[in-house]
Ligand code: OAD
């Protein structure tokens, strides 16, 4: 395998499936039988903030218990042992399993479950404790303006300037466990490929934007990713 200098890894709910977390589009998906329009839109939050807070407080408890699986740990190994490469992770996941596994350079473009943002002053707090309509912002002291730092449908993704640069610069783009149906993340592969990156997809099945991938690696990421990382690390050892 050739040597890569800038590796961008896009992850979705599928990488956390083997940690026991349901994906979004599975039958008993992560919305826990709630309607997206009741818990994941800014209109829903304006209409009934307490209901939305309760949903994310419950989800937070579930996600806090989860442990990283071999796929997350394979990324840690890649970051530690694939020498001299700049390796970033752009995740659509709001869980914190990448961090728990020791991954670094993680960009949560859809937000993260253990954060809340003040709609009055923009201050972000990090906590696994409940946040609700009574919570006071520690920065501006205004009560009732904290929102889960989750990107709702209709809101901008986070860190997009950074991600645009990473997409332009990467020479290897790995997509792991994402269905590729939610934009703009679904189009990241197209941008990376347009700028010359090799593009590999790890999934159980063919996804709808499969056209942009150079290689498909089918199977559970907890098995396929450690094997792939092994292959990559061995290839640079052999080249040395
Ligand atoms: P999805 O539920 O849409 O897709 C999960 C993908 O992971 C599917 O393509 C599965 O085939 C694959 N998969 C499942 N188990 C796997 C495993 N063990 N190994 C490899 N692949 C596996 O989840 P996302 O693509 O992450 O947005 O969904 C994107 C966004 O849709 C989410 O971030 C969320 C949701 O609306 C927001 O919350 C803003």
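Numbering (my numbering), first residue to last: 3 to 242. Note that CB positions come from ideal geometry on N, CA and C, so glycine has one too. All figures in this text were calculated on a predicted structure; none of them were measured in a lab.
Exercise. Does the Cβ of residue 48 lie closer than 7 Å to at least one heavy atom of ligand 1?
Worked result: For the purposes of this step, residue 48 is identified with residue 46 of the chain shown, where counting begins at 1. Answer for residue 48: no, Cβ out of range of ligand 1.
Exercise. Using the rule of at least 16 other Cβ atoms within 10 Å of the residue's Cβ for burial, across every protein chain shown, is residue 201 buried or exposed?
Worked result: Residue mapping note: residue 201 aligns to position 199 of the chain shown, counting from 1. Answer is buried; the Cβ neighbour count reaches 16.
Exercise. Based on the DSSP secondary-structure assignment, which residues constitute the bridge partners of residue 145?
Worked result: Numbered from 1 along the chain shown, position 143 holds the residue referred to as residue 145. In the DSSP output, where bridge partners are listed per residue, residue 145 has 138.
For this session: Check residue 83 in the structure and name its three-state DSSP category.
Result: Here residue 83 refers to the residue found at position 81 of the chain shown. In the structure shown, residue 83 sits in a helix (DSSP, three-state: H, G or I).
Exercise. Would you say residue 204 and residue 174 are within 8 Å of each other, going by their C-beta atoms?
Worked result: By 1-based counting over the chain shown, the position of residue 204 is 202. By 1-based counting over the chain shown, the position of residue 174 is 172. No, Cβ-Cβ distance for residue 204 and residue 174 is not below 8 Å.
Exercise. For residue 26, is the beta carbon positioned less than 7 Å from some heavy atom of ligand 1?
Worked result: Numbered from 1 along the chain shown, position 24 holds the residue referred to as residue 26. Because some heavy atom of ligand 1 lies under 7 Å away, the Cβ of residue 26 counts as near it: yes.
Problem set entry | residue 188 versus 143, 171, 23 and 213, residue with shortest Cα-Cα distance | Counted from its first residue, the chain shown places residue 188 at position 186. Minimum Cα distance to residue 188 is reached at 213.
Exercise. Would the beta-carbon of residue 233 be found less than 7 Å away from any heavy atom of ligand 1?
Worked result: Counting from one through the chain shown, the residue named residue 233 turns up at place 231. No, the beta carbon of residue 233 sits no closer than 7 Å to any heavy atom of ligand 1.
Problem set entry | Between the CA atoms of residue 144 and residue 211 - distance to the nearest angstrom | For the purposes of this step, residue 211 is taken as the residue at position 209 of the chain shown. For the purposes of this step, residue 144 is taken as the residue at position 142 of the chain shown. Each residue's alpha carbon lies about 44 Å from the other.
Exercise. Is the beta carbon of residue 133 less than 8 Å from the beta carbon of residue 148?
Worked result: Within the chain shown, the letter at position 131 stands for residue 133. Within the chain shown, the letter at position 146 stands for residue 148. Yes, these two residues count as a Cβ contact at 8 Å.
Problem set entry | residue 209 classed as buried or exposed, judged by whether at least 16 other C-beta atoms fall within 10 angstroms | Numbered from 1 along the chain shown, position 207 holds the residue referred to as residue 209. Looking at its Cβ environment, which holds 16 or more other Cβ atoms inside 10 Å, residue 209 is buried.
Problem set entry | Given 8 Å, three or more beta-carbon pairs between the segment 73-93 and the segment 3-17 | yes
For this session: With DSSP collapsed to three states, give me the class of residue 88.
Result: Start at 1 with the first residue of the chain shown, and residue 88 comes out as number 86. Strand, per DSSP.
Problem set entry | Contact between the segment 123-140 and the segment 102-110 (3+ Cβ pairs under 8 Å) | no
Problem set entry | Contiguous beta strand (DSSP E) assignments of at least 3 residues, all confined to the segment 171-205 | 174-178 and 200-205
For this session: Report whether the distance from the Cβ of residue 229 to the nearest heavy atom of ligand 1 is below 7 Å.
Result: Along the chain shown, read from residue 1 onward, the residue named residue 229 stands at position 227. Incorrect: residue 229 has no Cβ contact closer than 7 Å to ligand 1.
For this session: Kindly list the residues whose CB is nearer than 6 Å to the CB of residue 105, restricted to its own chain and excluding five residues on each side of it in sequence; keep chain order.
Result: Against the chain shown, residue 105 aligns to sequence position 103. Result list for residue 105: 77, 78 and 91, in chain order.
Exercise. Should residue 70 and residue 23 be called a contact, given that it needs their Cβ atoms to be closer than 8 Å?
Worked result: Reading the chain shown from its first residue, position 68 is the one you call residue 70. Reading the chain shown from its first residue, position 21 is the one you call residue 23. No, the pair does not count as a contact, with Cβ atoms beyond the cut-off.
Problem set entry | Run of the alpha helix (DSSP H) containing residue 99, from where it starts to where it stops | To locate residue 99, count along the chain shown from 1; it is residue 97. Start and end: 99-102.
For this session: Would you check whether ligand 1 has a heavy atom nearer than 7 Å to the C-beta of residue 206?
Result: Position 204 of the chain shown, counted from the first residue, corresponds to residue 206. Yes, the beta carbon of residue 206 sits closer than 7 Å to at least one heavy atom of ligand 1.
For this session: Go ahead and pull the three-state DSSP assignment for residue 121.
Result: On the chain shown, position 119 is the one that residue 121 refers to. Correct three-state label for residue 121: coil.
Exercise. Does at least one heavy atom of ligand 1 sit under 7 Å from the Cβ of residue 110?
Worked result: Here residue 110 refers to the residue found at position 108 of the chain shown. No, since every heavy atom of ligand 1 falls outside the 7 Å radius drawn around the Cβ of residue 110.
Exercise. Skipping 5 residues on each side, what residues in its chain have a beta carbon closer than 7 Å to that of residue 39?
Worked result: Residue 39 sits at position 37 when you count from the first residue of the chain shown. Result list for residue 39: 46, in chain order.
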